[in-house]
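Numbering (full-length UniProt numbering) for the sequence shown: 1 to 308.
Idealized CB from N, CA, C, for every residue including glycine.
The model shown is predicted, which means the values in this text are computed figures rather than measured ones.
To keep things clear, I will list the structure first and then write my remarks on it.
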Amino acid sequence: MVIGGAGFIGSNIVDTYVENGHEVVVVDNLSSGKLSNINKNARFYNKDIRNKDIINIIKSERPDVINHHAAQKSVPASVKNPTLDAEINILGLLNILNASIQAEVKKIIFASSGGALSGDNSIIPTSEVTVPILMSPYSITKFMGEKYIQYFSDAYGISYTILRYANVYGKRQTSDGECGVIPIFIENIINGRPSYLFTYHDMPGGTTRDYVYVSDVSSVNNIVLNKGDNQIYNIGLGTEIGVATIYELLQELTNTNLPLVRRDERAGDIRRSSLCPKKANKQLGWEPKIDLYEGLKITLSHYFALHK
């Protein structure tokens, strides 16, 4: 069962699971996901994880594994409305965990956020054992989610794998999510609009991030169906890239020259972020196959196909 399986990352994972012969059930309230994203070979429930009906769905389906990707995923939105952030990311998760125990689910795979949890850490790339620095309500609820999952594992014996993602990008991504800078830039370029860069006086290239292509994220979600029990893994390339560099690469790939307007920093933003993926490399045998330049080319091709 993939909860959030109509969204950007979740739908790509569903496709990978189906391609590998798994029976897949999708649960999504379509608040940000799209019906058109859902693989035709998956069964679908239109349901919000805050609704207690999710418990009955899980008890009825009795999946072996629940892959949880439904979330309030915007840092600025969490700053504006931390209550809503907690309702979705904590109370919704607890509905899933309680139902999982009743339905004897064997494993939970949880999408966490390496970037949000790493804060402005002095150690770059950041490893899984680094103490999280929580700079937004979103990062707080993601970290609490990890802790609740670990508690349920200790108390009830359910296995888990927690995947802390770097900035995921690629096919089906929208501009309103946690890592929306790439689709925002692309949409502005397609429409001939300038883009904005939130920056600091000592970082004219903007904040730095670690970017991982969505197919590499899908592949690790397939691997951890049978590996990585009761572990936390960083999923990224371990490469620190300035946001301005992303814009420059997109301009190069599209042969455009639109302005990038500097603006002041935003509340909750992290200055620098990059994740060390060595643990996933060693224990899971996972290696990202798509570098940034190639990933941006593929992403652009999907966008241009949609805007023909």
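Beta-carbon spacing of residue i, residue j below 8 Å
i	j	result
residue 2	residue 18	no
residue 165	residue 86	no
residue 220	residue 163	yes
residue 275	residue 236	yes
residue 108	residue 54	no
residue 159	residue 51	no
residue 265	residue 185	no
residue 58	residue 100	yes
residue 195	residue 183	no
residue 246	residue 181	yes
residue 127	residue 209	no
residue 157	residue 68	no
residue 228	residue 161	yes
residue 153	residue 16	no
residue 241	residue 286	no
When the options are compared against residue i, the one with the closest alpha-carbon
i	options	result
residue 129	34, 117, 140 and 138	117
residue 259	251, 304 and 265	251
residue 41	59, 218 and 6	6
residue 262	152, 190, 200 and 210	200
residue 28	39, 206 and 126	39
residue 213	21, 146, 293 and 93	293
residue 76	24, 127 and 138	138
residue 232	208, 189, 281 and 257	281
residue 187	224, 286, 256 and 209	256
residue 93	44, 145, 56 and 140	145
residue 239	169, 66, 277 and 249	277
residue 66	80, 149 and 203	149
residue 306	190, 270 and 279	190
residue 72	46, 61 and 31	31
residue 283	271, 234, 70 and 140	234
residue 49	84, 170 and 80	84
residue 60	155, 103 and 74	103
Cβ shell of residue i (< 7 Å), same chain only, five flanking positions each side left out
i	result
residue 172	8, 11, 12 and 37
residue 142	89, 112, 113, 116 and 117
residue 216	288, 289 and 290
residue 63	1, 25 and 105
residue 82	137
residue 253	296, 297 and 300
residue 44	26 and 38
Endpoints, beta strand (DSSP E) assigned at residue i
i	result
residue 46	43 to 46
residue 167	167 to 169
residue 261	260 to 264
residue 27	25 to 28
residue 72	Segment: none, residue 72 is in no beta strand (DSSP E) and carries neither H nor E.
residue 234	231 to 235
residue 270	First-last for residue 270: undefined, no H or E at that position.
residue 67	65 to 68
Residue interval of the alpha helix (DSSP H) (run including residue i)
i	result
residue 293	292 to 306
residue 202	Premise fails: residue 202 is in no alpha helix (DSSP H) and is neither H nor E.
residue 221	214 to 223
residue 173	That residue, residue 173, is in no alpha helix (DSSP H); it is neither H nor E in DSSP.
residue 55	53 to 61
residue 10	8 to 19
residue 245	243 to 254
residue 182	181 to 190
residue 40	Premise fails: residue 40 is in no alpha helix (DSSP H) and is neither H nor E.
residue 281	278 to 284
Spatial neighbours of residue i in its chain, beta-carbon cut-off 8 Å, leaving aside the 5 residues before and after
i	result
residue 147	none
residue 249	292, 293 and 296
Neighbourhood of residue i by C-beta, 6 Å cutoff - its chain only, sequence neighbours within 5 removed
i	result
residue 170	213, 214 and 299
With a floor of 3 residues, list each beta strand (DSSP E) that falls wholly inside the region 77 to 159, ordered by position along the chain. The region 77 to 159 is shown to contain whole beta strand (DSSP E) runs of 3 or more residues at 107 to 113, in chain order.
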